[in-house]
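Following: one structure in structure tokens, then a few remarks.
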Amino acid sequence: MSKQIISTDKAPSAIGTYSQAVKVGTTVYLSGQIPLVPESMEMIDTGFADEAHQVFKNLAAVCEAAGGCLNDMVKVNIFLLDLANFAQVNEIMAQYFSKPYPARAAIGIAQLPKGAQIEIDGVLELPSTN
Numbered sequence: 017m018s019k020q021i022i023s024t025d026k027a028p029s030a031i032g033t034y035s036q037a038v039k040v041g042t043t044v045y046l047s048g049q050i051p052l053v054p055e056s057m058e059m060i061d062t063g064f065a066d067e068a069h070q071v072f073k074n075l076a077a078v079c080e081a082a083g084g085c086l087n088d089m090v091k092v093n094i095f096l097l098d099l100a101n102f103a104q105v106n107e108i109m110a111q112y113f114s115k116p117y118p119a120r121a122a123i124g125i126a127q128l129p130k131g132a133q134i135e136i137d138g139v140l141e142l143p144s145t146n
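The numbering of the sequence shown is the working numbering, which starts it at 17 and goes up by one.
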């Protein structure tokens, strides 16, 4: 199978040597999204909740560009500067996903690009078109 690069202007453009997502067959590997506003490429700086919402919006845009939606995600990795935000990220994630939820990891880390407080990546499985 060949790989297809997924790109959309409705999510922030890559700020490094990576693609927004790569599709192989019906599986899409989404690069990490931070709370950049796609139109301005500026960071959201109005608090953790707003950052988290922007990240989920960015992920949704990439999922849609790949032909799917957030609920097609099968694995999500959430990187947090402060694990004290764990409960809040759960509440926010529930606004974007329906049950059954994807598999997930939440990882506390020391630093993220551009001073972000949250970054999320994951894997999307597109519905079969058979």
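No residue lacks a Cβ here, since even glycine has one placed at the ideal position from N, Cα and C.
On the three-state DSSP scale, how would you describe residue i?
i: residue 137; result: strand
i: residue 83; result: coil
i: residue 122; result: strand
i: residue 113; result: coil
i: residue 130; result: helix
i: residue 58; result: strand
i: residue 50; result: coil
i: residue 146; result: Residue confidence for residue 146 is low, a pLDDT of 48 falling below 50, so the modelled location carries little weight and cannot support an answer.
Below 7 angstroms CB to CB, which residues in the same chain sit around residue i once its five sequence neighbours on both sides are set aside?
i: residue 113; result: 86, 87
i: residue 124; result: 96, 99
Can you give me the Cβ contacts of residue i inside the same chain, cut-off strictly under 6 angstroms, excluding the 5 residues immediately before and after it?
i: residue 3; result: Given that the chain is displayed from residue 17 to residue 146, the structure contains no residue 3 and the question cannot be resolved.
i: residue 11; result: The first residue shown for the chain is 17 and the last is 146, placing residue 11 beyond what the model contains.
Counting C-beta neighbours from all protein chains within 10 Å, is the total for residue i 16 or more, i.e. buried, or is it exposed?
i: residue 132; result: buried
i: residue 40; result: exposed
i: residue 68; result: buried
Please name the residue in the options whose C-alpha comes closest to that of residue i.
i: residue 17; options: 33, 42, 27, 26; result: 42
i: residue 127; options: 121, 135, 120; result: 135
Residues in its own chain within less than 8 angstroms of residue i by CB, not counting five upstream and five downstream?
i: residue 65; result: 104, 108
i: residue 54; result: 25, 26, 27, 28, 29, 74, 77
i: residue 80; result: 24, 26
Have a look at residue i and residue j and give me their C-alpha separation to the nearest angstrom.
i: residue 146; j: residue 83; result: Below a pLDDT of 50, predicted positions are generally treated as unreliable, and residue 146, at 48, falls in that range; the measurement from the model is reported next regardless. Approximately 15 angstroms, taken between the alpha carbons.
i: residue 72; j: residue 101; result: 15 angstroms
i: residue 138; j: residue 111; result: 17 angstroms
i: residue 171; j: residue 122; result: Lying outside 17 to 146, the shown extent of the chain, residue 171 is not represented and no answer is given.
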